[in-house]
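Report on the structure given below.
Number of protein chains: 2
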Amino acid sequence: MRRALVTGGAGFIGSNLADALLARGVEVVVYDNFSTGRREFVPAQAELVEADVLDRDALTAAMARCDTVFHLQANADVRHGLERPRVDLEQNTIATSNVLEAMRAVGATRIAFSSTGSVYGEPEVFPTPEDAPFPVQTSLYAASKLAGEGLIGAYAHGFGFTGVVFRFVSILGARYTHGHVIDFFRALKADPTRLRVLGDGRQRKSYLYVEDCVRAILTALDAAEPGLEVYNLGTDESIVVNESIGVICGQLGVEPVLEHTGGVRGWAGDSPLIHLDTAKIRALGWEPTVGIRDAVIKTLEWLEAHPKIVQEAR
Amino acid sequence: MRRALVTGGAGFIGSNLADALLARGVEVVVYDNFSTGRREFVPAQAELVEADVLDRDALTAAMARCDTVFHLQANADVRHGLERPRVDLEQNTIATSNVLEAMRAVGATRIAFSSTGSVYGEPEVFPTPEDAPFPVQTSLYAASKLAGEGLIGAYAHGFGFTGVVFRFVSILGARYTHGHVIDFFRALKADPTRLRVLGDGRQRKSYLYVEDCVRAILTALDAAEPGLEVYNLGTDESIVVNESIGVICGQLGVEPVLEHTGGVRGWAGDSPLIHLDTAKIRALGWEPTVGIRDAVIKTLEWLEAHPKIVQEAR
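If you're matching them up, the sequences are chains Z and W in order. The first sequence begins at 97 in this note's numbering and counts up one residue at a time. The second sequence begins at 97 in this note's numbering and counts up one residue at a time.
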């Protein structure tokens, strides 16, 4: 890898990845439209292209001389897919097609893609392996990511691309600006006496620390051959929402009354249980270094230290 | 079912389905852009709307008062996906999103969708059941159909739609105008002394007769409840390409020299073996009435009787 483009490179995972690539001596092009990315996350040594993935010409131009693309840009607003059903299609599926077509145009053939553990829908096997039974999609977000996986598989098979798809659990760590830890953090800062919790709080989730996530992506890409490989990324741990609220409250020193909205799902398409089998990525020698509780605490420490970002995060 | 819209209703399967719906007393709107559909296939009692599925306004207007949509329109040119990679995205994935959004707009909630056995990629389990291990996509066509399945699953889960997805083998019968039986038919009419065969001719395929296919679709939709159901549609038989060529040559009375292009796949993304497990649809009481050999022969008889259509078919 000599020169890489990172879509969403001003975002949470993308900017952490850009840092790691630069530390390896790779030239990095950060491609971001700053819809949720932040300028202070973009490494100084990276080239920055401020444009949208739906702008195919800009994307192709930015990709010149790149051999590898880390396609991390996405609409990550999982919860509100049903309010604007075209957003996931455009920002996730069509965007991925644009990335692949730009790669063909410039001759880049290696792509890493951030998919989601949500593509397993409501699985029956736990921990869920990559070759779990063919799932039914339960959210537009997951459906749009699965569509992206399919496109990459077809390009790998048809055009000899090297594609590596990562099905993530939720990621935590420095520059985390979207998800339930920041939602709870903000709510408790506003009113430490009560906390509204979507669902019954017994949804079981898994989290991975962002530095472990980035290291896993690079480990898998280093090992990749032409064709498609799919890796679950997570830890062997899981935690129920009520437990992670306990960690958050302990860290913040608050004791709110929990007001559960009820139901086994926090929202339509929420998975009551996400717990991925990570044996495949571990077989490459990778293992996580930060557990779920520590990841939550490190994330809270980062949020405490960055009040302006917390205030402005969408 | 009182009033149904059939996308691709002037096509092979769509027009056969429109006939069956009218015979049941259902009002039928045929929606077709005549890119491959034919006016003489549109039943006289159907309302015809000549428009493209990418025209969302026209699609929504045509769907007024419909309770059910049979979404059969597709780019079915499986073999040439790599030459124009956006066609499958637009005609299959974005088109399906448009159909679902039009349904939301008019309040229609029941959809039947023609997917493909190709979504199993190159499976390791035969016959392949609906819950086979999570596959890797090997063609843009299959990837775009899988994306459509995912969208329908998400709408079923999020909006209470009733979605029924059919993973088809190849379909044969009256009004068949696209696929290798017509290709071979045409080639042998032009030169009965030799026949070029893509691959080694040992690809194993399965076929279903169109009337059996239409009956299966209606059987499954009659049984459907809100949510998503996926059914394989095929027969328990399979046949290798060289055998089906034997049936064709026998029927046409020709003895060509076969010129195989070689390789286990006819083209990039061709499946060396498609054989679907149809136990799920059979459990609803459906079973096929026409075997593969008879389906090939009936198709040839229809092609013989319709030289103008054969000549004009794309």
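Note that CB positions come from ideal geometry on N, CA and C, so glycine has one too.
Exercise for the section: Could you check if Asp184(Z) is buried or exposed, using at least 16 other CB atoms within 10 Å of its CB as the buried criterion? Expected result: Counting C-beta atoms within 10 angstroms of its own C-beta, Asp184(Z) has 16 or more neighbours from the protein chains shown and is therefore classed as buried.
For Phe264(W) and Ala250(W), the rounded distance between their alpha carbons:
C-alpha of Ala250(W) to C-alpha of Phe264(W): approximately 21 Å in a straight line.
Going along the chain, which residues of its own chain have a beta-carbon closer than 7 Å to the beta-carbon of Ala228(W), five neighbours each way excluded?
For Ala228(W), where only same-chain residues beyond five positions count, the Cβ hits under 7 Å are Tyr216, Pro219, Val221.
**Asked** Is there at least one Cβ from chain W nearer than 8 Å to Ala226(Z)'s Cβ?
**Response** Reading off the sequence, residue 226(Z) comes out as Glu, not Ala. Closer than 8 Å to some Cβ of chain W, the Cβ of Glu226(Z) qualifies, so yes.
*Could you give the distance in angstroms between the alpha-carbon of Tyr305(Z) and the alpha-carbon of Leu329(Z)?*
Straight-line Cα distance between these residues: approximately 10 Å.
**OP:** Could you please give me the residues that DSSP links to Ala208(Z) through a beta bridge?
**Re:** According to the DSSP secondary-structure assignment, Ala208(Z) is paired through a beta bridge with Phe166(Z), Val260(Z).
Using the Cβ count rule (16 or more neighbours within 10 Å means buried), how would you classify Thr212(W)? Buried is the call here.
- Item | Opening and closing residue of the beta strand (DSSP E) in which Ile405(Z) lies | That residue, Ile405(Z), is in no beta strand (DSSP E); its alpha helix (DSSP H) goes 403–408.
Is there at least one non-hydrogen atom of the ligand GDP closer than 7 Å to the beta-carbon of Ala391(Z)? The model depicted lacks the ligand GDP and carries no ligand whatsoever.
Kindly list the residues whose CB is nearer than 6 Å to the CB of Val326(W), restricted to its own chain and excluding five residues on each side of it in sequence; keep chain order.
By the criterion of a C-beta distance shorter than 6 Å, Val326(W) is surrounded in its chain by Glu226, Val261, once the five residues flanking it on both sides are discounted.
Tell me, to the nearest whole angstrom, how far the beta carbon of Phe130(W) is from that of Ala160(W); I am working on the premise that it is less than 8 Å. The C-beta distance from Phe130(W) to Ala160(W) rounds to 21 Å, too long to meet the 8 Å contact threshold.
Under 8 Å between the Cβ atoms of Gln299(Z) and Gly362(Z)?
A contact, by the Cβ cut-off of 8 Å.
Query raised in the report: In this structure, does DSSP put Ala228(Z) in helix, strand or coil?
Result: Ala228(Z) sits in coil when the DSSP states are folded into three classes, being neither helix nor strand.
Any residues in the region 254–277 of chain Z with a beta carbon nearer than 8 Å to a beta carbon of chain W? Which ones, in chain order?
Listed in chain order, the positions of the region 254–277 of chain Z with a beta carbon within less than 8 Å of a beta carbon of chain W are Gly254, Phe255.
Identify, in the order they occur along the chain, each residue of the same chain with its Cβ nearer than 6 Å to the Cβ of Pro181(W), setting aside the five sequence neighbours on each side. Excluding sequence neighbours, Pro181(W) sits near Leu236.
### Query
What's the C-alpha gap between Pro322(Z) and Pro352(Z)?
A straight-line Cα-Cα distance of about 52 Å links Pro322(Z) and Pro352(Z).
Q | Contact check, Thr224(Z) vs Val149(Z), beta carbons under 8 Å | A | Against a cut-off of 8 Å, the Cβ pair of Val149(Z) and Thr224(Z) comes out as no contact.
**Message:** So the candidates are Val174(W), Ala119(W), Gln187(W); which of them puts its Cα closest to the Cα of Asp128(W)?
**Reply:** Cα-wise, what sits closest to Asp128(W) is Gln187(W).
Can you name, in chain order, every residue of its own chain whose Cβ lies under 7 Å from the Cβ of Ile278(Z), other than the five neighbours on each side?
In chain order, Tyr272, Leu399, Val406, Ala409 place their CB closer than 7 Å to the CB of Ile278(Z), counting only its own chain and leaving out the 5 sequence neighbours on each side.
Report task. Tell me, please, whether the region 238–250 of chain W touches the region 281–298 of chain W by the rule of three or more beta-carbon pairs shorter than 8 Å. Result -> They do not touch, by the three-pair rule.
Please identify, using Cβ separations under 9 Å, the residues of the region 227–238 of chain Z that lie next to chain W, in order along the chain. Against chain W - using a Cβ distance shorter than 9 Å - the residues of the region 227–238 of chain Z are Asp227, Ala228, Pro229, Phe230, Pro231, Val232, Gln233, Thr234, Ser235, Leu236, Tyr237, Ala238.
Under 9 Å between beta-carbons, which chain Z residues line up against Ser193(W)? List them in chain order, please.
Ordered by position in chain Z, the residues that pass the 9 Å Cβ test against Ser193(W) are Pro181, Arg182, Leu185, Thr189.
* Best match in Ala119(W), Gly349(W), Asn338(W), Leu268(W) for proximity to Gly358(W) [C-alpha to C-alpha] -> Looking at the Cα atoms, Asn338(W) is the closest of the given residues.
Next on the checklist: Using 8 Å for Cβ pairs, my map puts Ala391(Z) next to Gly275(Z). What's the rounded Cβ distance?
Outcome noted: About 12 Å separates the Cβ atoms of Ala391(Z) and Gly275(Z), ruling out a contact at the 8 Å cut-off.
(message) Excluding the 5 residues flanking Leu369(W) on each side, which residues of the same chain have their C-beta closer than 6 Å to its C-beta?
(response) Excluding residues within five positions, the ones whose Cβ falls inside 6 Å are Arg300.
Closer than 8 Å to chain Z by CB, Gly249(W)
At least one C-beta of chain Z is nearer than 8 Å to the C-beta of Gly249(W).
| Asp153(W) to Asp366(Z), Cα distance in whole Å? | If you draw a straight line from the Cα of Asp153(W) to the Cα of Asp366(Z), it is about 32 Å long.
request  = Can you say whether Arg282(Z) is buried or exposed, counting buried as having 16 or more other CB atoms within 10 angstroms of its CB?
outcome  = Arg282(Z) is exposed by the Cβ-count criterion.
In terms of alpha-carbon separation, which member of Pro231(W), Phe230(W), Gly246(W), Thr234(W) lies closest to Gln233(Z)? For the residues Pro231(W), Phe230(W), Gly246(W), Thr234(W), the minimum Cα distance to Gln233(Z) belongs to Gly246(W).
Inset, instruction - Just mark Phe124(W) as buried or exposed, buried being the case when its beta carbon has 16 or more other beta carbons within 10 Å. - result: The sequence shown places Val at residue 124(W), rather than the Phe named in the question. By the neighbour-count criterion, in which a residue is buried when 16 or more other Cβ atoms sit within 10 angstroms of its Cβ, Val124(W) is buried.
For the region 161–180 of chain W, enumerate the residues whose C-beta is nearer than 9 Å to any C-beta of chain Z, in chain order. Look at the region 161–180 of chain W: the residues with a C-beta under 9 Å from a C-beta of chain Z are Gly177, Leu178.
Original post:
In the DSSP assignment, what are the bridge partners of Val326(Z)?
Top reply: As a beta-bridge residue in DSSP terms, Val326(Z) pairs with Val261(Z).
(message) Using only the alpha-carbon positions, how far apart do Leu324(W) and Ile248(Z) sit?
(response) Distance between the alpha carbons of Leu324(W) and Ile248(Z): 25 Å.
Buried or exposed: which applies to Thr385(Z), given that a residue is buried once 16 or more other Cβ atoms fall within 10 Å of its Cβ?
Thr385(Z) is exposed by the Cβ-count criterion.
Please report whether the beta-carbon of Leu242(Z) lies at a distance below 8 Å from any beta-carbon of chain W.
Between Leu242(Z) and chain W, the shortest Cβ-Cβ separation is below 8 Å.
task = Check the C-beta distance from Thr374(Z) over to Asp332(Z) and give it rounded, since I have them as a contact under 8 Å.
result = Rounded to whole angstroms, the Cβ separation of Thr374(Z) and Asp332(Z) is 6 Å, and the two are in contact under 8 Å.
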